[in-house]
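Novice:
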Amino acid sequence: MAKTLLMAKNAAEAIDAKIASAAFLAGGTEVNRLGSTVEAETLISLKKCEGLNSIKKDGDKVHIGSMCTFQDIVESEDVPAYLKEAALFMASRTKRNMATIGGNIAARRSDSYLLPVLCAVDAELSLLTGDLEESKNINLYINEENDDSLITGITVPESVQVASKRYANTAQSHAVITMSAASTAECVKLAVAVKNTGILSFNLSSSGRLTEEAAVAFFKNYEIKDIEDDMFGSVDYKRYLLGITAYDLCKQLIAESGKEV
Ligand SMILES: Cc1cc2nc3c(=O)[nH]c(=O)nc-3n(C[C@H](O)[C@H](O)[C@H](O)COP(=O)(O)OP(=O)(O)OC[C@H]3O[C@@H](n4cnc5c(N)ncnc54)[C@H](O)[C@@H]3O)c2cc1C
Numbered sequence: 005m006a007k008t009l010l011m012a013k014n015a016a017e018a019i020d021a022k023i024a025s026a027a028f029l030a031g032g033t034e035v036n037r038l039g040s041t042v043e044a045e046t047l048i049s050l051k052k053c054e055g056l057n058s059i060k061k062d063g064d065k066v067h068i069g070s071m072c073t074f075q076d077i078v079e080s081e082d083v084p085a086y087l088k089e090a091a092l093f094m095a096s097r098t099k100r101n102m103a104t105i106g107g108n109i110a111a112r113r114s115d116s117y118l119l120p121v122l123c124a125v126d127a128e129l130s131l132l133t134g135d136l137e138e139s140k141n142i143n144l145y146i147n148e149e150n151d152d153s154l155i156t157g158i159t160v161p162e163s164v165q166v167a168s169k170r171y172a173n174t175a176q177s178h179a180v181i182t183m184s185a186a187s188t189a190e191c192v193k194l195a196v197a198v199k200n201t202g203i204l205s206f207n208l209s210s211s212g213r214l215t216e217e218a219a220v221a222f223f224k225n226y227e228i229k230d231i232e233d234d235m236f237g238s239v240d241y242k243r244y245l246l247g248i249t250a251y252d253l254c255k256q257l258i259a260e261s262g263k264e265v
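Numbering of the sequence shown is given in the numbering used here, commencing with residue 5 and proceeding in unit increments.
Now the structure itself:
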């Protein structure tokens with residue numbers, strides 16, 4: 005359990021205080037959760053940091069401060085509908101009032117509410133590491149183990165066609181699979197959170213229509229590291245669900261945009 009709480013006034017102060025035995029504290033719903041894997045002697049609270057909780061539109065892009073809560077996202081007029089839909093996967097309004105988008109990304113959970121949709125649309129993260137400010141594609145970020153960066157913001161495209169699906173026993177239960185498909189000019193990008201396995205991303209070319217048989221066969225044979233039988237279902241069940249969901253989401257995108265996949 006943490007012994008010290010630092011209240012950072014801005015991002016520079018927060019990153020200055022970040023050492024191996026310290027962790028950032030955003031909404032605290034993961035850090036303070038019973039059974040949380042976050043262990044730190046010092047917590048660096050981002051609550052009072054200036055400039056991390058605004059939402060701004062810039063042409064086709066929407067920039068979201070990392071301290072924006074799920075509820076801020078749901079209520080904003082500027083956030084695209086596809087991201088609001090994913091924020092509402094967190095069914096508890098009490099939790100939505102606390103949990104932040106930055107905390108959800110940094111938690112890198114295999115049943116993440118937001119990572120599938122953010123990876124599918126290739127969200128760009130604004131990061132601060134020491135003195136270095138950089139922009140990084142979220143698909144790169146989630147595969148790195150560097151926990152020393154502070155996420156200051158997330159940039160997402162507005163006009164992209166997205167379809168998402170989450171499977172859980174109840175709205176409050178953990179999801180076995182959460183998948184999003186985003187249609188860009190070049191391809192359809194699929195990203196999926198598989199509980200206890202991780203986040204997987206795929207680019208599907210737009211050459212020929214994806215059939216249900218092809219989608220099911222692809223996921224039946226695709227090498228997925230760490231996929232196991234568990235309380236969420238057998239490996240065969242999860243693979244089947246991945247296949248039919250990929251097919252369904254692509255079908256939905258075709259229906260909405262008229263584009264073949
Ligand atoms: C009952 C319960 C069920 C849950 N179920 C789910 C679930 O199904 N799916 C899911 O995704 N989550 C789940 N969570 C976890 C949590 O609610 C969310 O992941 C939430 O979005 C975390 O956001 P937060 O602001 O509360 O993060 P915090 O708890 O404050 O932080 C989470 C992690 O991110 C780091 N961090 C926070 N902000 C930043 C930043 N700006 N830059 C860098 N690192 C940062 C922290 O150091 C910590 O490691 C659940 C939590 C509870 C209590």
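Ideal placement from N, C-alpha and C gives every residue a C-beta, glycine not left out.
For GLU79, is the classification buried or exposed, using 16 other Cβ atoms within 10 angstroms of its Cβ as the cut-off for buried?
Specialist: exposed
Novice: For the beta strand (DSSP E) that contains ARG170, what are its first and last residues?
Specialist: 165 to 172
Novice: Measuring alpha carbon to alpha carbon, tell me which of CYS191, VAL42 and LEU56 ends up nearest SER261.
Specialist: CYS191
Novice: By the three-class DSSP mapping on this structure, what secondary structure does ILE48 have?
Specialist: strand
Novice: Less than 8 Å between the CB atoms is what I'm expecting for ARG112 and ILE155, so what's the real figure, rounded?
Specialist: Rounded, the Cβ-Cβ distance is 11 Å, inconsistent with contact.
Novice: Round the Cβ separation of SER184 and ALA124 to the nearest angstrom and send it over; I've been treating them as touching at under 8 Å.
Specialist: For SER184 against ALA124, the beta-carbon gap comes to about 4 Å, under 8 Å, which counts as contact.
Novice: On the DSSP bridge assignment, give the partners of ILE23 in chain order.
Specialist: None; ILE23 has no bridge partner.
Novice: Under 7 Å, do ASP64 and SER153 count as touching if we go by C-beta distance?
Specialist: No, they are not a contact pair.
Novice: Of the residues HIS67, ASN225 and ALA250, which one's Cα is nearest the Cα of ASP240?
Specialist: ASN225
Novice: According to DSSP, is ALA95 helix, strand or coil?
Specialist: Coil.
Novice: Looking at ligand 1, does it come within less than 6 Å of VAL42, judged from the CB to the closest heavy atom?
Specialist: yes
Novice: List the whole-angstrom C-beta distance separating LYS13 from CYS53, where the pair is believed to meet the contact cut-off of C-beta under 8 Å.
Specialist: 7 Å
Novice: With SER25 and THR46 assumed to form a contact (beta carbons below 8 Å), what rounded beta-carbon distance in angstroms separates them?
Specialist: 6 Å
Novice: Quick one: which unbroken alpha helix (DSSP H) runs of 4-plus residues sit fully inside the region 48 to 82? Chain order, please.
Specialist: 74 to 79, all fully within the region 48 to 82.
Novice: Quickly, what does DSSP pair MET183 with across the bridge? List them, please.
Specialist: LYS169 and VAL196
Novice: Give the secondary structure of PRO161 by DSSP, where H, G and I count as helix, E and B as strand, and everything else as coil.
Specialist: strand
Novice: For the structure I just gave you, are there three or more beta carbon pairs, one from the region 119 to 136 and one from the region 78 to 98, closer than 8 Å?
Specialist: The region 78 to 98 and the region 119 to 136 touch, with three or more beta-carbon pairs separated by less than 8 Å.
Novice: Report buried or exposed for GLY247, applying the criterion of at least 16 other Cβ atoms within 10 angstroms of its Cβ.
Specialist: buried
Novice: Need the endpoints of the alpha helix (DSSP H) that LEU118 sits in, please.
Specialist: Note, LEU118: premise wrong, no alpha helix (DSSP H); not H, not E.
Novice: Is LYS150 buried or exposed, if buried means 16 or more other CB atoms sit within 10 Å of its CB?
Specialist: For clarity, residue 150 is Asn in the given sequence; the question names Lys instead. Exposed, because fewer than 16 other Cβ atoms sit within 10 Å of the Cβ of ASN150.
Novice: Comparing alpha-carbon positions, which option in LYS242, ASN200 and LEU194 lies nearest GLN256?
Specialist: Checking every option, the nearest Cα to that of GLN256 belongs to LEU194.
Novice: Is it buried or exposed, ASN141, if we count other Cβ atoms within 10 angstroms and call 16 or more buried?
Specialist: Of the residues assessed, ASN141 falls on the exposed side of the cut-off, its CB having fewer than 16 other CB atoms within 10 angstroms.
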